[in-house]
Amino acid sequence: MYQFIKVDVDAVIEAAEALFVPRNNEAEAFYELRLEFNQAVTSVRKSALFIYLNRHCFNGLCRYNASGGFNVPFGKYSGPTCPSAEIRGFSEFAQRCEFHHQSFEETFAMAEEGDVIYCDPPYIPLSATSNFTSYAKDGFGPEMQLLLARLARDAASNGNPSFVSNHHTPWALEIYAGARIETFDVQRLISSKAATRGMAPELLAIYGA
Ligand SMILES: C[S@@+](CC[C@H](N)C(=O)[O-])C[C@H]1O[C@@H](n2cnc3c(N)ncnc32)[C@H](O)[C@@H]1O
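Going by our numbering, the sequence shown opens with residue 14, and the numbers climb by one from there.
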């Protein structure tokens, strides 16, 4: 979707806007379009469907099942609108960007002299009740968090200042020992429970800057 917005923003907006009609804001239409998205090849249409799903699904979640199918249920919102102006703004910004879909190890290996690296990995669970199981499915368990922290530290010692954001937890402080830690609260936009949608403590681990 990012690639199509970068190279052909008018086509994406036109295709997306056509999906934001009252008859598509019904459960039946939603599940048909979700199925179409899951079967579609990479295209302008698939990009538009992703924008439609993001604005019509439950809490704007982005979640896939083990076979790679988008599986967030219908959100039942009144009158969702297509964020056309934001998409256009993103497209202008994207002209200065390159998008790569690859593992973070490959991305670290691309770093050149003078590059600064920022990582926004899947979160370390905030509480003991939300354990790593849900992350394990996506292959982002504790080993991956540790590997990322190590690569960030090594990149800094090779001259690439590196930043990693994550939840502020005792284990996070442990794995980022050696980094400078900045702590702040962020507004949680995505959570099914209003109580946990408030402020959550986050940290930025700073290596080499
Ligand atoms: C907290 S989200 C980052 C969201 C992103 N900053 C944004 O604004 O869209 C974590 C991201 O890490 C990605 N991810 C998961 N495993 C990864 C891996 N092994 N290598 C690189 N990225 C990975 C997920 O797909 C997800 O998009």
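We put the CB at the ideal spot given by N, CA and C, even for glycine. These figures come from a predicted structure and were not determined experimentally.
Closest residue to residue i among the options (Cα-Cα distance)
{"i": "leucine 160", "options": "Phe121, Ala222 and Glu215", "result": "Phe121"}
{"i": "isoleucine 137", "options": "Ala168, Gly154 and Gly81", "result": "Gly154"}
{"i": "lysine 59", "options": "Val34, Phe83 and Glu39", "result": "Phe83"}
{"i": "valine 20", "options": "Phe87, Pro93, Ile100 and Leu74", "result": "Ile100"}
{"i": "glutamate 195", "options": "Ile219, Gly172, Ile188 and Ala213", "result": "Ile219"}
{"i": "isoleucine 130", "options": "Ser170, Ala98, Glu105 and Phe87", "result": "Ser170"}
{"i": "arginine 47", "options": "Ala213, Ala79, Phe87 and Ala29", "result": "Phe87"}
{"i": "phenylalanine 71", "options": "Phe43, Ala98, Pro174 and Pro214", "result": "Phe43"}
{"i": "tyrosine 65", "options": "Pro96, Gly81 and Asp198", "result": "Pro96"}
{"i": "glycine 102", "options": "Leu216, Asp23, Leu217 and Phe197", "result": "Asp23"}
{"i": "histidine 113", "options": "Glu156, Gly73 and Tyr15", "result": "Tyr15"}
{"i": "valine 30", "options": "Gln108, Glu156, Arg163 and Ala61", "result": "According to the sequence provided, residue 30 is glutamate. The question's valine does not apply to it. Glutamate 30 has its Cα closest to that of Ala61, out of Gln108, Glu156, Arg163 and Ala61."}
{"i": "serine 80", "options": "Asn67, Asn51 and Gly92", "result": "Asn51"}
{"i": "leucine 164", "options": "Cys75, Phe117 and Ala185", "result": "Phe117"}
{"i": "proline 135", "options": "Glu27, Ala40 and Ala185", "result": "Ala185"}
{"i": "proline 35", "options": "Leu217, Ala162 and Gly92", "result": "Gly92"}
{"i": "isoleucine 188", "options": "Thr94, Ala162 and Val199", "result": "Ala162"}
{"i": "tyrosine 90", "options": "Cys110, Arg76, Arg109 and His69", "result": "His69"}
Residue burial classification, residue i (beta-carbon count within 10 angstroms, cutoff 16)
{"i": "glycine 221", "result": "buried"}
{"i": "histidine 181", "result": "buried"}
{"i": "alanine 190", "result": "exposed"}
{"i": "glutamine 158", "result": "buried"}
{"i": "serine 104", "result": "buried"}
{"i": "methionine 123", "result": "exposed"}
{"i": "serine 175", "result": "buried"}
{"i": "leucine 32", "result": "buried"}
{"i": "tyrosine 148", "result": "Residue placement at tyrosine 148 is flagged as unreliable, the pLDDT there being 44, under the threshold of 50; the coordinate-derived value follows with that caveat. Tyrosine 148 should be labelled buried."}
{"i": "phenylalanine 197", "result": "exposed"}
{"i": "asparagine 173", "result": "buried"}
{"i": "asparagine 78", "result": "exposed"}
{"i": "alanine 28", "result": "buried"}
{"i": "leucine 216", "result": "buried"}
{"i": "alanine 168", "result": "buried"}
Whole-angstrom C-beta distance between residue j and residue i, which should lie under 8 Å
{"i": "valine 54", "j": "valine 25", "result": "Contact flag wrong, Cβ pair sits at about 16 Å."}
{"i": "aspartate 128", "j": "serine 178", "result": "Wrong, their Cβ atoms sit about 18 Å apart, outside the cutoff."}
{"i": "alanine 192", "j": "leucine 139", "result": "That belief does not hold up - the Cβ atoms of alanine 192 and leucine 139 are roughly 20 Å apart, past 8 Å."}
{"i": "alanine 98", "j": "isoleucine 18", "result": "Not a contact, Cβ separation roughly 13 Å."}
Exercise. Taking any heavy atom of ligand 1 as the mark, which residues have a C-beta closer than 5 Å to it, listed down the chain?
Worked result: Ser116, Phe117, Asp133, Pro135 and Phe153
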